[in-house]
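Notes follow once the structure below has been shown.
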Amino acid sequence: MTSRFADLPDLPVRAVLSNMQEMLAAHGMVVLTAPPGAGKTTLVPLALLNLPGLTGRILMLEPRRLAARAAAERMASLRSETVGETVGFRIKGETKTSTQTRIEVVTEGILTRILQSDPELAGIDAIIFDEFHERSLNADLGLALAVEVREALRPDLRLIVMSATLDAEPVAALLGDAPIIRSDGRAYPVETRWLAIPRKARLDDAMADLIRTAHDAKNGDILAFLPSVRDIRHVAARLGTLPDTTRVHSLFGAMAFKDQRAALAGSAPGQRKIVLATAIAETSLTVEGVRIVVDAGLARRSRFDPGSGMAGLVTERATKAEATQRQGRAGRLSPGVCYRLWTRAEEGAMAQFAPPEIEIADLSGFALDLAAWGATPGGLSMLTSPPEAAYASARALLQALGALDDAGQITTHGREMAEMPMHPRLAHMITTAPVAARGEAVTLAALLEADDPIRRDGADITSRIRALADPDREGPAAGALRRIRADASQHGRRAGVKPVWRTDHVGALIALAYPDRIAQRRKGSAARFLLSGAKGARLRADDGLSDMPFLAIADLDLTAGASRSADALIRLAAPLARSDIDALFGDRMEWRTRCLWSRQHGRVMTDRQLMLGALVVEEAPWTDAPPDLKMAAMVAGIRDLGLEALPWTKTAERLIARVEWARRAGATAPPADHRHLLNTLEDWLMPHLTGIERREDLARLDISTILSGHIGWPVMQDIARAAPEVFIAPTGTSCRINYAGTAPAIEIRLQELFGLTTHPVVAGHPLVISLLSPAGRPVQTTADLPGFWRTSYDDVRKDMRGRYPRHPWPEDPASAAPTRRAKPRAK
Numbered sequence: 011m012t013s014r015f016a017d018l019p020d021l022p023v024r025a026v027l028s029n030m031q032e033m034l035a036a037h038g039m040v041v042l043t044a045p046p047g048a049g050k051t052t053l054v055p056l057a058l059l060n061l062p063g064l065t066g067r068i069l070m071l072e073p074r075r076l077a078a079r080a081a082a083e084r085m086a087s088l089r090s091e092t093v094g095e096t097v098g099f100r101i102k103g104e105t106k107t108s109t110q111t112r113i114e115v116v117t118e119g120i121l122t123r124i125l126q127s128d129p130e131l132a133g134i135d136a137i138i139f140d141e142f143h144e145r146s147l148n149a150d151l152g153l154a155l156a157v158e159v160r161e162a163l164r165p166d167l168r169l170i171v172m173s174a175t176l177d178a179e180p181v182a183a184l185l186g187d188a189p190i191i192r193s194d195g196r197a198y199p200v201e202t203r204w205l206a207i208p209r210k211a212r213l214d215d216a217m218a219d220l221i222r223t224a225h226d227a228k229n230g231d232i233l234a235f236l237p238s239v240r241d242i243r244h245v246a247a248r249l250g251t252l253p254d255t256t257r258v259h260s261l262f263g264a265m266a267f268k269d270q271r272a273a274l275a276g277s278a279p280g281q282r283k284i285v286l287a288t289a290i291a292e293t294s295l296t297v298e299g300v301r302i303v304v305d306a307g308l309a310r311r312s313r314f315d316p317g318s319g320m321a322g323l324v325t326e327r328a329t330k331a332e333a334t335q336r337q338g339r340a341g342r343l344s345p346g347v348c349y350r351l352w353t354r355a356e357e358g359a360m361a362q363f364a365p366p367e368i369e370i371a372d373l374s375g376f377a378l379d380l381a382a383w384g385a386t387p388g389g390l391s392m393l394t395s396p397p398e399a400a401y402a403s404a405r406a407l408l409q410a411l412g413a414l415d416d417a418g419q420i421t422t423h424g425r426e427m428a429e430m431p432m433h434p435r436l437a438h439m440i441t442t443a444p445v446a447a448r449g450e451a452v453t454l455a456a457l458l459e460a461d462d463p464i465r466r467d468g469a470d471i472t473s474r475i476r477a478l479a480d481p482d483r484e485g486p487a488a489g490a491l492r493r494i495r496a497d498a499s500q501h502g503r504r505a506g507v508k509p510v511w512r513t514d515h516v517g518a519l520i521a522l523a524y525p526d527r528i529a530q531r532r533k534g535s536a537a538r539f540l541l542s543g544a545k546g547a548r549l550r551a552d553d554g555l556s557d558m559p560f561l562a563i564a565d566l567d568l569t570a571g572a573s574r575s576a577d578a579l580i581r582l583a584a585p586l587a588r589s590d591i592d593a594l595f596g597d598r599m600e601w602r603t604r605c606l607w608s609r610q611h612g613r614v615m616t617d618r619q620l621m622l623g624a625l626v627v628e629e630a631p632w633t634d635a636p637p638d639l640k641m642a643a644m645v646a647g648i649r650d651l652g653l654e655a656l657p658w659t660k661t662a663e664r665l666i667a668r669v670e671w672a673r674r675a676g677a678t679a680p681p682a683d684h685r686h687l688l689n690t691l692e693d694w695l696m697p698h699l700t701g702i703e704r705r706e707d708l709a710r711l712d713i714s715t716i717l718s719g720h721i722g723w724p725v726m727q728d729i730a731r732a733a734p735e736v737f738i739a740p741t742g743t744s745c746r747i748n749y750a751g752t753a754p755a756i757e758i759r760l761q762e763l764f765g766l767t768t769h770p771v772v773a774g775h776p777l778v779i780s781l782l783s784p785a786g787r788p789v790q791t792t793a794d795l796p797g798f799w800r801t802s803y804d805d806v807r808k809d810m811r812g813r814y815p816r817h818p819w820p821e822d823p824a825s826a827a828p829t830r831r832a833k834p835r836a837k
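In the working numbering, the protein residues as written are 11 to 837.
Set out below in structure tokens:
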């Protein structure tokens with residue numbers, strides 16, 4: 011039955027409007043899925059006007075300002091009215107409603123503001139969540155709060171969730187098993203053309219070439235999807251000369267509305283247009299006349315990294331669902347063609363759907379809204395729960411900004427921030443700015459909310475403020491600048507000040523909003539900075555801010571950091587004076603003393619540092635550092651240099667070998683291997699490091715004496731018994747025993763062992779004896795001296811007696827007298 015809606019356009023969704031009204035009357039909540047072009051955005055709100063029992067206002071949420079305004083204008087035109095009569099809109103910076111307005115199209119964040127100020131939603135009988143498949147954070151939160159209001163305060167409140175591409179069952183379950191209504195769409199076939207080989211050229215060059223190819227091959231207007239405003243401008247510059255009958259339009263959120271309207275309007279007869287658009291054109295909007303879509307296959311998303319506490323826009327590969335949405339734009343009015351800037355094989359690696367914003371975005375605004383509502387994520391009916399780390403990071407930021415107290419409860423300052431329709435950082439900046447700087451603060455807030463309108467002037471945000479000061483400025487950024495001026499005026503009215511275009515306090519204001527992004531230039535680098543939050547950031551080498559000692563950073567490109575270096579690219583920043591740091595954060599800075607080993611200088615360094623987070627704002631000498639800290643630092647230096655840096659003598663090395671052999675022989679000696687000595691420097695060496703602060707000072711140490719003293723006299727006696735230092739030969743000669751090998755060993759002249767009939771031992775282990783000639787050269791090594799006398803000695807005797815005739819070479823060495831002397835010379 012569609013007769014009651016006969017006055018509405020014959021669009022596919024009209025066929026299910028009666029069923030929708032019945033289900034809504036019976037259940038109060040409905041999920042409606044309809045493909046793009048079905049007419050749901052236009053017809054559903056109008057159909058609710060005659061729903062029995064619904065006499066109050068109908069709110070419809072749209073994800074973007076342009077879509078909200080366009081939807082209101084389309085509905086008003088269908089009623090032959092102007093916007094502001096039965097159908098109006100309320101978007102950031104502009105409201106067109108009246109006392110007779112029944113349908114109010116609003117951007118998603120406005121619903122949260124309405125709920126916070128009036129939880130009963132007096133005068134509002136229905137809320138429509140349009141394009142819910144985009145899963146914006148504001149839509150998720152708005153739906154959760156609306157469900158709670160319906161359950162607790164307003165059981166008569168109707169809720170309708172609409173989507174083009176959505177898994178409807180989870181949403182219906184969230185709404186208490188609400189009925190699902192599905193509408194057919196009306197779309198013409200679209201031919202898809204992929205690249206033959208993967209793209210190798212730069213994005214702007216490749217897109218410009220593909221757009222020209224599509225323009226020359228097919229008739230009709232072209233809608234080209236690009237990830238960012240910067241990409242739109244670059245591609246527009248590279249399109250080159252086109253026929254006089256073809257005009258190039260841009261389409262993005264920060265444009266002036268008249269320019270947006272021109273991009274959406276159909277071409278005049280005999281004319282063609284190329285619309286270079288961001289994702290704003292994926293859904294809700296109809297770009298008249300489009301027969302051709304050229305898709306770069308990329309999407310720009312806000313990503314938050316809980317590990318760094320930084321959020322930023324990143325360019326990612328689009329999803330299959332997004333590609334399908336874009337492709338469908340070519341088939342809204344007639345058969346079309348879609349050119350894709352990727353190969354068919356590459357499509358297999360694309361994700362099916364984009365992640366919900368709650369899973370990837372900065373959650374500080376979400377956390378502040380929950381705190382103001384007095385709820386936690388677990389206490390609301392959320393389709394997707396926020397990641398714990400990101401939510402905890404958001405609350406930590408709010409505490410740092412003073413919006414939450416130590417117990418996590420919202421403060422008076424936090425409520426003031428929650429009432430302002432902007433990011434908590436910017437709300438904090440405006441509400442805490444000195445009176446003299448508040449006019450600059452509202453201007454800066456409007457500028458930071460917008461996509462950067464001027465990118466060619468480097469990262470210095472003051473150049474953007476100077477552009478705002480010129481109301482007659484022309485060029486591609488003129489419309490965006492007018493929008494920013496209007497938003498600044500709106501913020502100023504709320505804050506009770508007029509926006510000003512000065513830059514006297516801009517660095518300090520950014521620091522108020524982003525205390526974790528105060529940056530200090532790294533020593534020895536003119537473009538690399540360390541952030542107070544301990545992460546790195548960089549400027550392009552030729553940027554005018556690259557030699558500033560301190561910056562306050564407002565915007566970071568995290569994509570650049572991920573793809574080119576460990577540091578994020580600074581997109582917007584301002585110089586920050588040291589005096590501003592002291593004034594703003596003097597109570598947060600603290601002196602830290604340091605006593606540490608410097609490998610670069612080869613010595614212990616002591617100093618005092620004034621710290622702001624990870625930044626060293628000021629350094630001073632620490633002249634009275636305690637000696638024990640210096641000794642500990644020197645120990646760290648020795649570990650860094652290795653044990654070989656110590657002055658090892660042969661005596662010390664022999665002592666270590668004796669101790670280790672004695673331990674193996676069963677003595678109660680401590681370990682003395684190099685690993686153990688390195689691990690226990692604090693025990694045996696540190697007490698002797700008084701006054702030793704440089705590498706060269708180590709030469710003063712007597713390692714053998716230090717080790718012996720650490721081991722102690724009683725243990726040294728055990729070691730002496732298990733591993734005597736010397737062997738006393740029959741002649742009385744003391745031979746130092748070498749314990750460095752697998753067995754104890756000595757070297758001694760052969761004649762000094764005459765008469766020994768048993769082999770010398772150490773703790774039951776035979777000595778390895780290197781027998782020397784009278785000239786001190788080895789002639790035999792043995793661990794069995796009696797055996798040597800019986801066997802090998804004769805051969806040695808024959809060889810040696812001719813060389814050394816003055817030395818005794820008895821036939822029976824076992825019975826001969828040992829000697830250290832040679833025979834007297836014959837006279």
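Ideal Cβ positions, reconstructed from N, Cα and C, are used throughout, including at glycine.
Nearest to Ile440 by C-alpha distance, out of Ala498, Glu398, Gln409, Ala417, is Ala498. Rounded to the nearest whole angstrom, the CA to CA distance from Ser391 to Ile134 is 21 angstroms. In this structure, DSSP gives Leu699 a state outside helix and strand, which the three-state scheme calls coil. Minimum Cα-Cα distance from Ala246 among the listed residues Ala287, Asp416, Gly230 corresponds to Ala287.
Each of Ala400, Val347, Leu64, Gly384 was checked against the Cα of Leu125, and the nearest Cα belongs to Gly384.
DSSP, reduced to helix, strand and coil, places Glu369 within a helical segment of the structure shown. By the neighbour-count criterion, in which a residue is buried when 16 or more other Cβ atoms sit within 10 angstroms of its Cβ, Gly47 is buried. Distance between Ala428 and Leu411, taken at the CA atoms: about 12 angstroms. Exposed is the label assigned to Pro559, since fewer than 16 other Cβ atoms lie within 10 Å of its Cβ. Counting along the chain, Trp352 sits inside the beta strand (DSSP E) bounded by residues 346-353. The C-beta of Asn148 has 16 or more other C-beta atoms within 10 Å across all chains shown, which makes the residue buried. Following the DSSP letters along the chain, one finds His501 in no beta strand (DSSP E) but inside the alpha helix (DSSP H) bounded by residues 488-505.
Of the residues Arg350, Arg14, Thr767, the one whose Cα lies closest to the Cα of Val200 is Arg350.
Judged by their CB atoms, Leu711 and Leu687 are not nearer to each other than the 9 angstroms cut-off.
Using a C-beta cut-off of 8 angstroms, the stretch 113-127 makes contact with the stretch 154-166, since at least three inter-stretch Cβ pairs fall below that distance. Sequence-distant partners of Asp415 (beyond 5 residues in either direction) whose C-beta falls short of 8 angstroms from its own C-beta, in its chain, are Gln409, Thr421. Distance from the CA atom of Glu628 to the CA atom of Pro525, rounded to whole angstroms, is 18 angstroms. Taking C-alpha positions only, Glu114 is separated from Ile138 by approximately 10 angstroms. For Asp617 against Ala630, the beta-carbon gap comes to about 7 angstroms, under 8 angstroms, which counts as contact. Note: Gln619 is bridge-paired with Arg602, Glu629 in the DSSP secondary-structure output.
For Leu454, the closest C-alpha among the options Ala488, His501, Ala469 is that of His501. Counting only unbroken stretches of 3 or more residues, the beta strand (DSSP E) elements lying wholly within the stretch 129-174 are 134-139, 168-173, in sequence order.
Glu762 carries a helical assignment under DSSP once its states are collapsed to helix, strand and coil. For Leu393, same chain residues with a beta-carbon under 7 angstroms away, outside a window of 5 residues either side, are Asp150, Pro180, Val181, Leu184 in chain order. Leaving aside the five residues that flank Glu356 on each side, the residues in its chain whose CB is nearer than 7 angstroms to its CB run, in chain order, Pro208. Counting the other Cβ atoms within 10 Å of the Cβ of Pro823 gives 16 or more, which makes it buried. Residues Trp511 of the same chain have their beta carbon placed closer than 7 angstroms to that of Ala479, with the five preceding and five following residues left out of the count.
Taking Leu163 as the centre and dropping the five residues before and after it, the same chain places the C-beta of Glu130 closer than 6 angstroms to its C-beta, in chain order. Only residues of its own chain outside the window of five on either side were considered, and among them Thr255 have a CB closer than 6 angstroms to the CB of Gln281, listed in chain order. In this structure, the alpha-carbon of Ser403 lies about 28 angstroms from that of Thr329.
Using a Cβ-Cβ distance cut-off of 8 angstroms, the stretch 218-229 and the stretch 73-84 are not in contact, since fewer than three pairs of beta carbons, one from each stretch, lie closer than that value. Put simply, the backbone Cα of Gly612 is about 43 angstroms away from that of Val778. Contact between Leu782 and Leu760 holds: CB atoms are separated by about 7 angstroms, below the 8 angstroms threshold. Per DSSP, Glu484 lies in no beta strand (DSSP E) segment and is marked neither H nor E. In this model, Gly98 and Thr109 are separated by some 10 angstroms (Cα to Cα). The C-alpha of Gly797 is placed about 30 angstroms away from the C-alpha of Arg664.
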